[in-house]
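As structure tokens, the structure follows; a few thoughts come after it.
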Amino acid sequence: MHISLDNQVALVTGASSGIGAGAAKALAEAGAAVVLNYHSQAAPAEALATQINQAGGRAIAIGADVSNEAEVERLFAQTLEAFDHLDILVANSGLQKDAAIANMSLDDWNTVIGVNLTGQFLCARAALRIFNRQGLRPGVSRAAGKIIHMSSVHQLIPWAGHVNYAASKGGVEMLMRSLAQEVSEQRIRVNGIAPGAIRTAINRDATQGDAEQALLKLIPYARVGDVEDVANAVVWLASDASDYVVGSTLFIDGGMSLYPEFRHNG
Ligand code: BGC
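Counting with our numbering, you get residues 1 to 266 for the letters of the sequence shown.
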């Protein structure tokens with residue numbers, strides 16, 4: 001199987017670090033021109049764009065808050081100005097604002113739902129409008145557009161102390177599946193990825209020292225994931241190699257969602 005995304009344009013939100021940066025790099029390596037969206041961290045996003053361009057790829061970085069409708073509209077308009085088309089959206093931006101529910105402020109709730117869920121709605125809507133205007137691009141892809149929603153194992157696994165985050169990811173799952181049902185007859189493919197514990201800034205405290213040992217008890221495959229584990233799946237889901245995959249969530253979690261507590265119990 002040879003995967004090529006030549007002549008395709010991908011937009012990755014939250015691409016200044018972690019899974020988003022890894023996905024952007026992998027999409028560029030597969031041949032796509034890539035827009036790296038960032039919110040506050042311009043420098044690493046610009047640096048990654050430069051790195052991709054120096055390696056012979058095509059990339060630009062664009063700042064925008066995905067929870068803000070006007071900024072999202074500008075992000076997609078600038079994407080078209082730069083690269084003329086859009087074929088792939090990786091709706092990846094996400095954050096955590098953890099607290100026990102009694103201490104969780106409405107701000108912390110709204111910020112997480114705003115970025116993780118409303119942000120994915122706004123970006124998916126903007127992408128779909130472009131895909132519909134563009135139509136099929138023969139010789140480029142069998143689909144008229146691909147959307148990959150970055151979810152989490154916590155679309156399935158309840159998470160005490162993180163109810164805002166878990167609720168946002170539960171919402172992402174039904175956003176993704178409902179959208180897939182709605183737009184697949186337009187030959188637009190919508191799918192999700194549910195990463196488990198991937199070593200990034202979002203879970204730095206949980207993935208080192210004693211905390212890592214405790215975390216590993218929840219991962220049957222007995223290692224913390226790497227960004228590349230997810231990035232490779234993004235490339236596959238964005239490519240025609242997965243052309244018959246519609247409305248699915250791919251769990252990339254080393255088995256975290258397999259109720260590992262039951263291995264020696266129950
Ligand atoms: C969270 C990480 C966490 C992982 C597994 C992810 O969605 O962002 O902080 O380590 O789920 O619990």
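Here a beta-carbon is modelled for each residue, glycine too, at the ideal position from N, C-alpha and C. Just so we're clear, the structure is a prediction, and the values are computed from it rather than from any experiment.
Three-state class that DSSP yields for residue i in the structure shown
i, result
"I88", "strand"
"M1", "coil"
"V9", "strand"
"K169", "helix"
"R270", "No information on residue 270 is available, as it lies outside the stretch 1 to 266 that the chain covers here."
"R74", "helix"
"K146", "strand"
"I219", "coil"
"A99", "coil"
"R58", "strand"
"I198", "strand"
"H162", "coil"
"V153", "helix"
"A82", "helix"
Span of the alpha helix (DSSP H), counted from its first residue to its last, around residue i
i, result
"N68", "Element bounds for N68: n/a, residue is neither H nor E."
"R189", "Note, R189: premise wrong, no alpha helix (DSSP H); beta strand (DSSP E) at I188 to P195."
"T111", "L106 to I113"
"G254", "Segment: none, G254 is in no alpha helix (DSSP H) and carries neither H nor E."
"W236", "V227 to A238"
"E29", "G18 to E29"
"P44", "A42 to Q54"
Rounded C-alpha distance that separates residue i from residue j
i, j, result
"I62", "R223", "34 Å"
"R142", "L136", "7 Å"
"L75", "A64", "6 Å"
"A245", "E69", "Looking at the sequence shown, residue 245 is not Ala but Val. Rounded to whole angstroms, V245 to E69 spans 29 Å at the Cα level."
"N110", "K97", "10 Å"
"D243", "A102", "45 Å"
"E73", "L80", "11 Å"
"V230", "G196", "10 Å"
"A166", "D226", "21 Å"
"G57", "F131", "23 Å"
"I60", "P44", "12 Å"
"Q208", "S152", "20 Å"
"A99", "N7", "44 Å"
"D108", "N164", "8 Å"
"W159", "S168", "12 Å"
"L156", "V172", "11 Å"
"H264", "P220", "12 Å"
"I52", "Y38", "16 Å"
"D205", "L216", "13 Å"
"A267", "G266", "The structure shown does not extend to residue 267, since the chain spans only 1 to 266, so no value can be given for it."
Candidates the options, of which the one nearest residue i by Cα
i, options, result
"L179", "F121, N103, V153 and L216", "F121"
"Q54", "N68, E29 and E71", "E29"
"S67", "L215, G114 and D84", "G114"
"S105", "T50, A124, H162 and T79", "H162"
"L175", "D205, C123, R129 and D226", "C123"
"R187", "Q155, E228, N232 and Q134", "Q134"
"G170", "N116, E182 and K217", "N116"
"V234", "D6, A26, H2 and S4", "A26"
"D87", "A126, D205 and G119", "A126"
"I3", "A24, G247 and A241", "A241"
"S279", "V140, P44 and G56", "Outside the displayed span of the chain (1 to 266) sits residue 279, for which this structure offers no information."
"E182", "E46, T207, G247 and L216", "G247"
"L95", "D84, G119 and A77", "G119"
"L250", "R177, E185 and K217", "R177"
"I252", "E228, F262, T50 and E261", "E228"
"L218", "V112, N232, A42 and E261", "E261"
"L184", "L128, A214 and D205", "Checking the displayed sequence, the identity of residue 184 turns out to be Ser instead of Leu. Nearest option by C-alpha distance: L128."
Residue i - containing beta strand (DSSP E), residue span
i, result
"L36", "A33 to Y38"
Quiz item: Pairing CB atoms from the segment 20-34 with CB atoms from the segment 245-261, are three or more of them under 8 Å?
Solution: no
Quiz prompt | Three-pair Cβ contact test at 8 Å for the segment 191-210 versus the segment 17-25 | solution = yes
Self-check item: Cβ contact check for the segment 87-104 and the segment 3-16: 3 or more pairs under 8 Å
Solution: yes
Quiz item: Does the count of Cβ pairs from the segment 147-163 and the segment 186-196 closer than 8 Å reach three?
Solution: yes
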